[in-house]
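Visitor:
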Amino acid sequence: MEVVQKMISAHKKLEFWAGLKPDELAFVDGKKEITFAELNIHTLKVTSVLRELGIDRGDLVCTMLPAYLDWPVTLALQIIGATSFAKPTSASFDLYAEPKWLIALKEHPQFSIQNTIVVDQNFAERVNDAESYIPSQELLDPSNLMRLCSTSGTSGETKYLAYSFSDMFSRLFSPSAVTFVGNGKFLNLMHFGAAQSYFWAQRALNAGKTYFTSGASNDALFEFLRKYSIETIYGSPQQISIFMQNLRNAGQNLDSNFNLVLGGSAPSPKMLEMIREENKCSIFNSHGSAETGFISACDVTLKDAPGLLIYPNSIVEVVDENDSELSENQIGLLRYKVPGACTSYLNNPDQTKKSFRDGFFYSGDMGYKSDDGRLHITGRSNEVINFGGVKINPEQVDALLLTEIGIQDAASFALDDETGIPKLAVALVVDHEFDEEVFLSAMKVKFTRAKISRVFKVNAVPRNQNGKILRRELSRKFNN
Amino acid sequence: MDISGILSFFAKLKPDALAIADDSNEITFSQLDANVRRIARLLQINEIDTSSLVCTMLPSILDWQVTLALHILGASSFSKPVGSRLDPVLKPDWLISKQLNPDFPEDKTFIVDSNFGKAVNQTDKLKDAPGFTSPEFPARYFFTSGTSGASKYLVVSAENLLAKIRHQGGSELVGDRDGLNLWQFGSTQSYRVALRSLNEGRTFYTCGYYDYRLPKILKKYPIRTISGSPIQVSSMVDTLIQTGTKLPRLGTVILGGSAPTQIQINRIRQHLSARIYNSYGSTELGFVSMHEIVEGRTLGGVISPEVKLEIVDENSAVLPKGEVGIIRYAKAKMPKSYFNSEAATNEYFQNDFFYPGDTGFLDESGYLHISGRTNEVMNLGGVKISPERVEEIALRTIGVLDAAAFALIDDKGVKRLALAYVKGPEFSKEIMESNYQAELSEFRVAKFVEVEEIPRNENGKIPRSNLAELIFGSGSKND
């Protein structure tokens with residue numbers, strides 16, 4: 001109970017750092033710098049305004065804001081005792097998490113206007129004029145939900161993980177690859193709504209350190225790194241690839257002080273090769289999930305993954321379909337047990353049953369452990385394709401493709417672009433009614449989670465004897 | 481906490497990265513893993529196991545490796561400074577030391593010399609690390625003396641070693657992550673920093689000697705933050721001046737253990753362009769409060785949100801803001817006693833609070849100001865005065881570098897006020913005496929004693945109970 005009390009007092013943490021080092025940076029996102037003193041005052045003022053607007057303890061609130069606006073709002077919701085979750089501005093809502101409130105830059109077509117708080121000039125003025133909120137000393141229930149994080153892992157569908165105050169506390173101290181390298185300062189390229197982004201921001205607040213975040217396509221990122229003496233960059237292979245492209249265009253490269261930490265999905269050998277050619281930085285692979293947090297890592301600076309090293313507090317087992325453990329070098333299903341990991345998806349018993357069993361989390365990854373205890377991930381048990389953390393079920397895409405005019409048969413698959421990043425491609429058997437432009441613009445509306453990057457017209461979709469689409473064959477064929 | 485697992489994880493993830501560095505040694509993660517496992521195996525062959533209590537007296541770079549070996553063997557351990565005495569409160573089964581100790585049998589002592597090094601190198605690595613037998617196992621003892629002089633020990637269970645990593649100490653709250661800790665290795669501060677560094681796979685910087693070797697390590701590694709007692713930092717500044725070393729990269733200095741004098745602060749300012757912080761806490765409960773030392777302003781300590789602190793009177797009634805009283809504080813999962821010391825436990829741990837023996841007040845903003853020590857109020861024939869108040873006057877006088885007030889029993893057996901001082905080039909005794917007449921009219925300082933140096937303990941605190949003896953030699957007594 002006492003431990004939980006510490007977590008509830010986000011305002012006490014803010015007050016402490018604002019008192020001890022008011023002028024030091026709490027949050028930097030490429031657009032804005034916020035000091036601890038500013039974050040403290042601003043958060044308490046935002047809290048007052050949100051209370052006045054009717055947000056109450058226990059309310060579920062969705063935010064669609066840039067990071068520097070999102071963080072004080074999220075902390076204000078924490079002080080109120082509401083449950084928060086962040087989504088990208090263009091995202092749509094679903095049945096699993098129906099918020100009571102939306103706090104966003106503009107109104108959302110799917111959401112009631114009455115319960116939308118628009119963060120505009122009026123809102124900013126109202127916050128400026130507000131009194132600082134005086135937080136209640138009353139204790140909240142440690143099992144109260146504090147945060148939802150969405151994940152597309154395992155099935156390719158959006159699912160939500162719910163974190164209570166006590167979950168939050170145990171996650172706060174779980175390690176991650178970014179803490180193992182560099183000088184402790186790192187730039188996070190992941191979206192602020194991602195589970196690890198949220199926990200890292202909480203961790204920075206807890207430790208009184210600066211949280212650095214930015215979109216990967218910010219072309220002033222190199223100056224950003226220099227300005228704050230940041231030596232470590234975390235992002236998905238896609239994000240890192242965009243960042244490296246910008247760097248190349250600017251004629252810059254990373255020297256041996258820098259560390260790239262790649263998460264979300266494994267980088268392709270081609271991508272690593274390109275980074276190594278032009279840069280002297282260290283490169284690490286970090287593997288984990290929103291469900292469990294960090295699990296394993298390896299150094300890929302010099303050669304491709306020698307296998308992942310499992311962090312001592314994680315248990316990784318390789319099992320067959322009957323959950324019997326397999327011996328070394330045998331490929332099977334991977335399941336993970338990590339202290340403080342989630343045990344269910346919110347409002348989703350079907351997916352929960354599939355992914356959480358006997359205290360283990362089943363990620364849907366296949367792999368094996370080698371003689372030296374290292375973990376090798378070889379693929380997926382289902383057909384989900386991982387596009388840098390955004391996981392997509394190709395069968396779902398195929399079904400959508402077949403509803404389009406002029407398509408007789410279709411298969412979606414992953415195709416590496418020239419930098420080695422997997423992109424969504426489709427192979428289509430078409431008739432005379434097919435019009436590629438019409439097709440692409442229709443799909444853009446129907447399927448928003450990834451863009452179709454290439455269309456290949458084929459005579460037939462390759463299938464095995466059971467009629468299963470041979471997607472790897474398509475990837476191989478068109479990669480060449 | 482799986483120390484053996486963490487050692488091998490980093491030995492594989494970043495084998496060539498530095499795990500420990502001091503002025504003349506660098507140990508990588510793969511070397512650390514190998515060294516610790518060889519030392520552990522050698523100690524295991526010599527019958528050290530989970531039932532053993534082992535004391536180490538070694539320079540920090542050796543001490544940390546031996547301590548990790550004892551951890552993975554599952555033995556209880558504690559560190560003491562090289563050459564210190566053993567006391568009856570905590571009797572070890574084994575001593576691992578640079579030399580024989582007069583208080584300890586030779587046949588239970590491992591001498592860490594070149595022969596020991598050879599033996600380690602010829603030993604195989606420990607295969608299966610047993611680790612601590614249970615979460616409640618007494619994994620580590622920490623020594624504390626405070627100003628009472630009596631040895632006391634705190635015991636930390638295996639599961640609470642993890643809590644040690646989670647709690648930030650004063651040296652980690654401000655400044656950059658890569659810092660050098662001047663505290664000796666046996667202290668909770670240094671041990672925690674070492675353990676946190678290992679857990680996060682980064683370098684533990686340490687220094688066994690505070691002489692010309694200190695500037696060497698500061699220049700060689702990207703260290704931007706220094707923490708230590710005012711005395712340790714002052715002698716570091718002396719060394720920097722003597723060796724003509726400039727440290728432009730050093731951005732933060734954190735002083736702890738005792739309050740720095742204005743002279744110490746001025747000297748640090750003159751030579752370093754770093755921001756200076758004062759940290760307040762205890763071995764017993766860790767970090768309590770901190771504030772930046774800013775010229776021309778007196779700031780109070782910002783109290784940790786994890787600490788519940790109160791100012792109370794002698795009957796434990798809470799006093800209002802602004803009133804000076806006895807400081808007491810508490811934390812979640814705090815220790816409730818000293819090991820094997822009932823009297824000290826009853827004195828310092830009461831009503832679920834720890835009473836550190838300090839007095840102070842909270843200002844209007846709730847910031848903490850320390851004013852003195854409860855047990856040091858001098859009773860001069862029924863009239864009480866705190867030594868800090870007496871010392872302040874001397875320390876404000878030009879040319880006084882350091883001062884200590886104490887009660888001295890004169891040849892008639894009467895307790896009189898005495899002041900020991902260290903003078904600088906601008907010193908004038910007349911000015912000091914007239915300052916005392918003006919500012920301390922109700923007392924007369926019966927004796928001014930010029931000394932070379934004010935004696936202080938490892939934390940920079942003045943050992944007042946035997947100050948007269950330390951200044952005038954044995955046989956002299958104060959209160």
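So the sequences go chain by chain: A and B.
Residue 93 in this note's numbering is what sits at position 93 of the first sequence, and the numbering runs on without skipping anything.
Residue 601 in this note's numbering is what sits at position 121 of the second sequence, and the numbering runs on without skipping anything.
Glycine included, each C-beta is placed from N, C-alpha and C at the ideal position.
Using a Cβ-Cβ distance cut-off of 8 Å, determine whether residue 311 of chain A contacts chain B.
Guide: At least one chain B Cβ lies under 8 Å of residue 311 of chain A.
Visitor: Are the segment 282 to 292 of chain A and the segment 169 to 181 of chain A in contact at 8 Å, needing three or more beta carbon pairs?
Guide: The answer is yes - the segment 169 to 181 of chain A touches the segment 282 to 292 of chain A, with three or more Cβ pairs under 8 Å.
Visitor: So, does the CB of residue 751 of chain B fall closer than 8 Å to a CB anywhere in chain A?
Guide: No, residue 751 of chain B does not count as interfacial toward chain A.
Visitor: Could you give the DSSP three-state label for residue 282 of chain A: helix, strand or coil?
Guide: Strand, per DSSP.
Visitor: From what residue to what residue does the alpha helix (DSSP H) around residue 198 of chain A run?
Guide: Where residue 198 of chain A is concerned, the enclosing alpha helix (DSSP H) stretches over 195 to 207.
Visitor: What does the alpha-carbon distance come out to for the pair residue 91 of chain A and residue 414 of chain A?
Guide: If you take the alpha carbons of residue 91 of chain A and residue 414 of chain A, they lie about 23 Å apart.
Visitor: Quick check on residue 917 of chain B: does DSSP put it in helix, strand or coil?
Guide: Three-state result, residue 917 of chain B: helix.
Visitor: Using 8 Å as the limit for Cβ to Cβ distance, is residue 648 of chain B near chain A?
Guide: Taking Cβ atoms only, chain A reaches closer than 8 Å to residue 648 of chain B, which makes this a yes.
Visitor: Would you list the residues sitting across from residue 635 of chain B in a DSSP beta bridge?
Guide: Answer is B/621, bridged to residue 635 of chain B.
Visitor: Give me the Cβ distance between residue 961 of chain B and residue 636 of chain B, rounded to the nearest whole Å; I'm assuming they're in contact under 8 Å.
Guide: A question about residue 961 of chain B goes unanswered here, because the residues of chain B that appear run from 481 up to 959.
Visitor: What three-state label does DSSP hand residue 729 of chain B in the structure shown?
Guide: Coil at residue 729 of chain B, not helix or strand.
Visitor: Quick check on the DSSP output: the beta strand (DSSP E) that includes residue 318 of chain A runs from which residue to which?
Guide: Element bounds for residue 318 of chain A: 315 to 319.
Visitor: From residue 290 of chain A to residue 51 of chain A, what does the alpha carbon distance come to, in whole angstroms?
Guide: About 30 Å.
Visitor: Do three or more CB pairs link the segment 300 to 317 of chain A to the segment 374 to 385 of chain A at distances below 8 Å?
Guide: A contact exists between the segment 300 to 317 of chain A and the segment 374 to 385 of chain A.
Visitor: Below 8 Å between beta carbons: does that hold for residue 260 of chain A and residue 230 of chain A?
Guide: The answer is no: Cβ separation not under 8 Å.
Visitor: For a test of the three-state rule: what should DSSP assign to residue 839 of chain B, helix, strand or coil?
Guide: Three-state DSSP puts residue 839 of chain B in a strand.
Visitor: Between residue 761 of chain B and residue 491 of chain B, what straight-line distance do the alpha-carbon atoms span, to the nearest angstrom?
Guide: Each residue's alpha carbon lies about 35 Å from the other.
Visitor: Would you check if the distance between the CB atom of residue 654 of chain B and the CB atom of residue 14 of chain A is smaller than 8 Å?
Guide: In this structure, residue 14 of chain A does not lie closer than 8 Å to residue 654 of chain B by Cβ.
Visitor: Please list, in chain order, the residues of the segment 363 to 379 of chain A that have any C-beta partner in chain B closer than 7 Å.
Guide: Flagged: no residues at all.
Visitor: According to the Cβ coordinates, are residue 514 of chain B and residue 549 of chain B closer than 8 Å?
Guide: The answer is no: Cβ separation not under 8 Å.
Visitor: Three-state secondary structure (DSSP) at residue 814 of chain B?
Guide: Note: residue 814 of chain B maps to coil in three-state DSSP.
Visitor: Does any CB atom of chain A fall closer than 8 Å to the CB of residue 551 of chain B?
Guide: It does not: the Cβ of residue 551 of chain B has no partner Cβ on chain A nearer than 8 Å.
Visitor: Entirely within the segment 328 to 354 of chain A and at least 4 residues each: give me those alpha helix (DSSP H) ranges in chain order.
Guide: List check, alpha helix (DSSP H) in window: nothing returned.
Visitor: Using DSSP with H/G/I as helix, E/B as strand and the rest coil, what is residue 574 of chain B?
Guide: Three-state result, residue 574 of chain B: strand.
Visitor: Do residue 658 of chain B and residue 731 of chain B have their beta-carbon atoms positioned less than 8 Å apart in this structure?
Guide: Not in contact: residue 731 of chain B and residue 658 of chain B (Cβ atoms no closer than 8 Å).
Visitor: Is the CB-CB distance between residue 348 of chain A and residue 416 of chain A below 8 Å?
Guide: For residue 348 of chain A and residue 416 of chain A, no; Cβs fall outside 8 Å.
Visitor: With DSSP collapsed to three states, give me the class of residue 5 of chain A.
Guide: Low per-residue confidence applies at residue 5 of chain A: pLDDT is 49, beneath 50, and the placement is therefore not dependable enough to give any value.
Visitor: So with CB distances below 9 Å, who are the chain B contacts of residue 47 of chain A?
Guide: Near residue 47 of chain A there are no residues of chain B at all, since even the closest Cβ is about 17 Å away, more than 9 Å.
Visitor: Anyone know if the C-beta pair for residue 942 of chain B and residue 884 of chain B falls short of 8 Å?
Guide: Closer than 8 Å, so yes.
Visitor: For residue 125 of chain A and residue 717 of chain B, what's the separation of their Cα atoms in angstroms?
Guide: So the two alpha carbons sit approximately 50 Å from each other.
Visitor: State the Cα-Cα distance for the pair residue 2 of chain A and residue 481 of chain B, rounded to the nearest angstrom.
Guide: Low confidence applies here, because residue 2 of chain A scores a pLDDT of 45, under 50, leaving its location unreliable and the question unanswered by this model.
Visitor: Could you give the DSSP three-state label for residue 671 of chain B: helix, strand or coil?
Guide: Note: residue 671 of chain B maps to helix in three-state DSSP.
Visitor: What are the start and end residues of each continuous beta strand (DSSP E) run of 3 or more residues lying completely inside the segment 513 to 555 of chain B, in chain order?
Guide: Entirely contained in the segment 513 to 555 of chain B, the beta strand (DSSP E) runs reaching 3 residues are, in chain order, 533 to 537.
Visitor: Pick helix, strand or coil for residue 594 of chain B, following the three-state DSSP scheme.
Guide: Looking at residue 594 of chain B - three-state DSSP - the assignment turns out to be helix.
Visitor: Is the beta carbon of residue 574 of chain B closer than 8 Å to that of residue 600 of chain B?
Guide: No. Outside cutoff.
Visitor: Among residues of its own chain, excluding the 5 on either side of residue 152 of chain A, which ones have a beta-carbon nearer than 7 Å to its beta-carbon?
Guide: 158, 390, 391.
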